[in-house]
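A.B. asks: Numbering of the sequence shown is given in this note's numbering, commencing with residue 3 and proceeding in unit increments. We treat Cβ as the ideally placed atom computed from N, Cα and C, and that holds for glycine.
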Amino acid sequence: MLNQRKTLQLYILIEIGLIASYRVVEYAYPSSGVHFWKDVFYLVPLSFGIFAVYYSYNIRCKKQNCNAKQVFRGWSIFDLAWPNSKCYRCGEDLNK
Ligand SMILES: [Zn+2]
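So this is what it looks like as structure tokens:
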């Protein structure tokens with residue numbers, strides 16, 4: 003089974019692939035009449051990106067009095083971190 007770190011890395015890879023495919027479509031069909039398809043290729047990475055952020059926001063410690071968020075550890079971009087197999091604050095095993 004994938005742990006949360008692997009799952010999140012997979013989501014980011016998918017997101018990069020989606021953005022790349024949008025770029026390819028944009029490059030292949032410059033200003034032609036395919037607005038519908040361009041919109042689809044734009045909206046899918048956008049909504050998947052929101053989903054990936056939502057997923058990482060919900061990676062929390064399961065211990066009730068800790069409940070520390072493992073990815074968004076603070077309010078700054080520098081507080082972002084990969085989730086580990088153990089809680090960074092209390093050491094609780096997150097994969098059980
Ligand atoms: Zn914890």
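1. Let me know if VAL26 comes out buried or exposed under the rule of 16 or more other beta-carbons within 10 Å of its beta-carbon.
2. What residues are listed by DSSP as bridge partners for PHE74?
3. Using only alpha-carbon positions, find the residue among LYS71, LEU82, LEU45, GLN6 that is nearest to GLU17.
4. When you compare only the Cα positions, how much space is there between GLU94 and LYS65?
5. Take the Cβ of GLN72 as the centre, count every other Cβ of all protein chains shown within 10 Å, and call the residue buried at 16 or more, exposed below.
C.D. replies: On the basis of the coordinates in this document:
1. Here residue 26 refers to the residue found at position 24 of the sequence shown. Exposed, because fewer than 16 other Cβ atoms sit within 10 Å of the Cβ of VAL26.
2. Residue numbering aside, residue 74 sits at position 72 when the sequence shown is read from its first letter. Paired residue(s): LEU82.
3. For the purposes of this step, residue 17 is identified with residue 15 of the sequence shown, where counting begins at 1. Taking the Cα of GLU17 as reference, the smallest distance to any Cα among LYS71, LEU82, LEU45, GLN6 is reached at LEU45.
4. Position 92 of the sequence shown holds residue 94. Position 63 of the sequence shown holds residue 65. In this model, GLU94 and LYS65 are separated by some 7 Å (Cα to Cα).
5. Along the sequence shown, read from residue 1 onward, the residue named residue 72 stands at position 70. Counting Cβ neighbours within 10 Å, GLN72 comes out buried, since at least 16 surround it.
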